[in-house]
Amino acid sequence: MLYLSVIVLIPLAAVVVKAVSSGAGTLWSSIDNTLTLRALAITLGASLLVAAIGAVMGTLVAWVLVRDHFPGQRLVNALIDLPFALPTIVAGLTLIALYGPGSPVGIDLAYTRGAVIVALMFVTLPFVVRSVQPVLIELDSEVEEAAASLGASNATTFRRIILPALRPAIFSGGALAFARSVGEFGSLALIAGKVQIASIVIYADIESGSEQSAAALSVVLMVISLIMLFLIRRLGGQVDR
Amino acid sequence: MIVSRRATLSLRAVALLYLGLLLLLPVGVVFWRTFEHGIGTAWAFMTTPAAISAFWLTVLIAVIAVPLNTIFGVGAALVLTRSNARGKAILDSLIDLPFVVSPVIVGLALLLVYGQGGWFGSAFLNNGIRIIYAVPGMVIATVFVSLPFVVREVAPVLREVGDEQEQAAATLGASSWQTFWRVTLPTIRWGVAYGVVLTTARALGEIGAVLVVSSNVAGSTLTLPLLVYQRDEQIGGQVTTSVYAAATELAVLSIAVLLVMTLFGRRKDAS
């Protein structure tokens, strides 16, 4: 508990104290300006979009990994964890190499919102796949067969039987992806450029010595993170049940 | 549900194409860029004094942070599953904080506490101990961001196996220390190993938190990820072979970690 306090709790408390040190009014005015609000809007918007894409594609990938069988499947399965293992700065660099200036495929996304989205999709890929996969494996195929024998089409079976079973897992995976996106820095550091992503703005503030406004934005992000943490735990409880 | 052959194939194609475009192709391009002027050139960039010192600093930080978090992780997991200590629920929630707090905020937090004019910073500085903009700060930042992995891998295993064997050992006269080494540790070893691998991966690759508390001086406080970041900044967007070389080093390290991860993941599931 002491270890946790020294490493985690005291520093985080310092951020909160810094943010409110010159009164709640100052805190509010440093949040309530166009730049900060814009950064928050862009960050949350991008994270939401990434979580949504991740939920759809992640479920699809998990489906293929569980229900389909093809040579090299185990390799593909191992590859899913690559974004967790690969340092985020390398992830950013790989995307610059492919989709940046001098791109071998002729797509230049660098320093645009598109680049931010792609980078976030990269680093959050495993979340939904890894949360849906075990549920899909455990899913009882008898219920599906019963539905089919009662004349349900594949689409109906998927919508009425499979999707409801997967929903908690998809949501908690999506929530994790969202939480990760909101705070992501490493993969965006190289590629975001002038796109005002919250973590990049905080870093710029620290570098220019305005710790007060960095702390203010940090507190907002931390509140969002805590809400997400709470939601994930609630959903996690549902998955366990 | 029986999916037609055509639907199966098209789903498979979509999934593989998505993974290929998002994962494989970009990583492949970095390797290609590294070695496009030959292995010799790439090797020369990897063995410049700055690159070598960055490599060893990265390893050093991981070597300090990983054991610390392993010991804490196993201890915390035991407290969470085996004791009735008050505040257990709070501890349980607090441990996940490093996962959801942005790394840059972690850096800022450490700056405010251990930096010049920070809560404890002056005390350390007066005694000649420099934490921020030096290696100790980078170690603390790394410990912070990689803290939850071991706990989150070990706690479920402990919960799953229950404590009957430990109680049996205790009835047979084993001290709690003996019980831990002979009974508990062997049962959780794959969980611990997997957690250690995840911690290592994170420790090697951390940038956000470390960037804030590092002085970014080549040869003293530059890790490999920082090297990639900095060189790119200096050149102003034009990425060169030296950057790709450092990135490839990191990528090779992380692919090794991934292999170990897959292996341990399988063992863990089997046991």
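Just so you know, the sequences run in chain order A and B. The first sequence begins at 36 in our numbering and counts up by one. The second sequence begins at 1428 in our numbering and counts up by one. Note that the Cβ used here is the ideal one computed from N, Cα and C, for glycine as well.
Am I right that residue i and residue j are in contact with their C-beta atoms under 8 Å? What's the rounded C-beta distance?
| i | j | result |
| --- | --- | --- |
| V99 (chain A) | R1439 (chain B) | 5 Å |
| I1488 (chain B) | T1569 (chain B) | 5 Å |
| V1528 (chain B) | G218 (chain A) | 6 Å |
| F1526 (chain B) | P1575 (chain B) | 6 Å |
| V1493 (chain B) | T1627 (chain B) | 5 Å |
| L266 (chain A) | A210 (chain A) | 6 Å |
| P203 (chain A) | P161 (chain A) | Not confirmed; about 18 Å, so no contact. |
| V1531 (chain B) | V1581 (chain B) | At roughly 29 Å, the Cβ-Cβ gap does not stay under 8 Å, so V1531 (chain B) and V1581 (chain B) are not in contact. |
| S1681 (chain B) | L121 (chain A) | 5 Å |
| I205 (chain A) | V167 (chain A) | 6 Å |
| A81 (chain A) | L155 (chain A) | 6 Å |
With 16 as the cutoff for other CB atoms within 10 Å, does residue i come out buried or exposed?
| i | result |
| --- | --- |
| T1474 (chain B) | exposed |
| W63 (chain A) | exposed |
| L1685 (chain B) | buried |
| V50 (chain A) | buried |
| I172 (chain A) | exposed |
| A1678 (chain B) | buried |
| V43 (chain A) | buried |
| N1496 (chain B) | buried |
| I1556 (chain B) | exposed |
| P1453 (chain B) | buried |
| I1662 (chain B) | Because the pLDDT at I1662 (chain B) is just 49, under 50, the model does not fix this residue reliably, and the value given afterwards should be weighed accordingly. Looking at its Cβ environment, which holds fewer than 16 other Cβ atoms inside 10 Å, I1662 (chain B) is exposed. |
| G1664 (chain B) | Model confidence at G1664 (chain B) stands at a pLDDT of 46, short of 50, so the residue's coordinates are unreliable and nothing is read from them. |
| L198 (chain A) | exposed |
| P169 (chain A) | exposed |
| R1460 (chain B) | buried |
| P1699 (chain B) | Because chain B spans 1428 through 1698 in this model, residue 1699 (chain B) falls outside it and cannot be assessed. |
| V221 (chain A) | Residue identity check: residue 221 (chain A) is Gly in the sequence provided, not Val. Burial call: buried. |
| F105 (chain A) | exposed |
| A1442 (chain B) | buried |
Which residues mark the beginning and the end of the alpha helix (DSSP H) in which residue i is found?
| i | result |
| --- | --- |
| Y146 (chain A) | Y146 (chain A) -> no alpha helix (DSSP H), and no H or E assigned at all. |
| F213 (chain A) | L198 to G218 |
| P106 (chain A) | Note, P106 (chain A): premise wrong, no alpha helix (DSSP H); not H, not E. |
| L1649 (chain B) | Here L1649 (chain B) belongs to no alpha helix (DSSP H), and DSSP marks it neither H nor E. |
| Q1594 (chain B) | E1591 to T1598 |
| S134 (chain A) | According to the sequence displayed, residue 134 (chain A) carries Tyr and not Ser. Residues T123 to Y134. |
| A1536 (chain B) | P1530 to Y1541 |
| Y1621 (chain B) | L1612 to G1632 |
| I1567 (chain B) | V1562 to V1572 |
| L1449 (chain B) | L1449 (chain B) -> no alpha helix (DSSP H), and no H or E assigned at all. |
| R1509 (chain B) | P1476 to R1509 |
| W1604 (chain B) | S1603 to T1606 |
| I1522 (chain B) | Taken as a continuous stretch (DSSP letters only), I1522 (chain B) belongs to no alpha helix (DSSP H), as it is neither H nor E. |
| W1470 (chain B) | I1466 to M1473 |
| N1554 (chain B) | Neither: N1554 (chain B) is in no alpha helix (DSSP H) and is coded neither H nor E. |
| A239 (chain A) | A233 to E242 |
| I115 (chain A) | Unbroken run through I115 (chain A): none, as it is neither H nor E. |
| R1579 (chain B) | P1575 to V1588 |
What residues from chain B crowd round residue i, counting only those whose CB sits closer than 8 Å?
| i | result |
| --- | --- |
| G218 (chain A) | V1527, V1528, S1529, P1530, V1531 and I1532 |
| A49 (chain A) | A1536, L1539, V1540, G1545 and W1546 |
| F213 (chain A) | In chain order: nothing, as chain B lies at least about 10 Å away. |
Starting from residue i, find everything on chain A with Cβ-Cβ shorter than 9 Å and list it in chain order.
| i | result |
| --- | --- |
| M1473 (chain B) | Result: empty, since nearest Cβ-Cβ is about 14 Å, beyond 9 Å. |
| P1652 (chain B) | P122, T123, I124, V125 and G221 |
Mind pulling the chain B residues with CB within less than 9 Å of residue i?
| i | result |
| --- | --- |
| G209 (chain A) | Per Cβ cutoff of 9 Å: no residues; G209 (chain A) is ~14 Å from chain B at best. |
| D175 (chain A) | The contacting residues do not exist; D175 (chain A) stays about 12 Å from chain B at best. |
| I45 (chain A) | A1536, V1540, W1546 and F1547 |
Give the residues of chain A in contact with residue i, contact being defined as C-beta atoms less than 8 Å apart.
| i | result |
| --- | --- |
| Y1445 (chain B) | M92, L95 and V96 |
| R1439 (chain B) | V99, D103 and F105 |
| I1479 (chain B) | Near I1479 (chain B) there are no residues of chain A at all, since even the closest Cβ is about 18 Å away, more than 8 Å. |
Identify the contact partners of residue i in chain B, using a Cβ-Cβ distance below 7 Å as the criterion.
| i | result |
| --- | --- |
| P203 (chain A) | Result: empty, since nearest Cβ-Cβ is about 18 Å, beyond 7 Å. |
| F162 (chain A) | Residues of chain B passing the Cβ test: none, with the nearest at roughly 11 Å. |
Could you work out which residues of chain A lie near residue i, taking near to mean beta carbons separated by less than 7 Å?
| i | result |
| --- | --- |
| S1681 (chain B) | A120, L121 and P122 |
| V1454 (chain B) | T129 |
| R1460 (chain B) | A132 |
Say the cut is 7 Å; is the CB of residue i nearer than that to a heavy atom of the ligand PLP?
| i | result |
| --- | --- |
| L47 (chain A) | This structure simply doesn't include the ligand PLP, nor any ligand for that matter. |
*Say whether the segment 149 to 157 of chain A touches the segment 219 to 239 of chain A, bearing in mind that this needs 3 or more beta-carbon pairs closer than 8 Å, one atom from each stretch.*
yes
*Examine the Cβ distances between the segment 1513 to 1523 of chain B and the segment 237 to 246 of chain A and report whether three or more of them are shorter than 8 Å.*
no
*Just checking, does the segment 1616 to 1635 of chain B make contact with the segment 1648 to 1656 of chain B on the three C-beta pairs under 8 Å criterion?*
yes
*Given 8 Å as the limit, is there contact between the segment 248 to 265 of chain A and the segment 1531 to 1549 of chain B, that is, 3 or more CB pairs closer than that?*
yes
*Cβ contact (3+ pairs, closer than 8 Å) linking the segment 1580 to 1590 of chain B and the segment 1613 to 1624 of chain B*: yes
*Given 8 Å, three or more beta-carbon pairs between the segment 122 to 138 of chain A and the segment 83 to 95 of chain A*: no
*asked:* Using a Cβ distance threshold of 8 Å, determine whether the segment 174 to 189 of chain A contacts the segment 109 to 116 of chain A, with at least three qualifying pairs required.
replied: no
_When you compare the segment 67 to 84 of chain A with the segment 1558 to 1572 of chain B, are there three or more beta-carbon pairs, one atom per stretch, that lie closer than 8 Å?_
no
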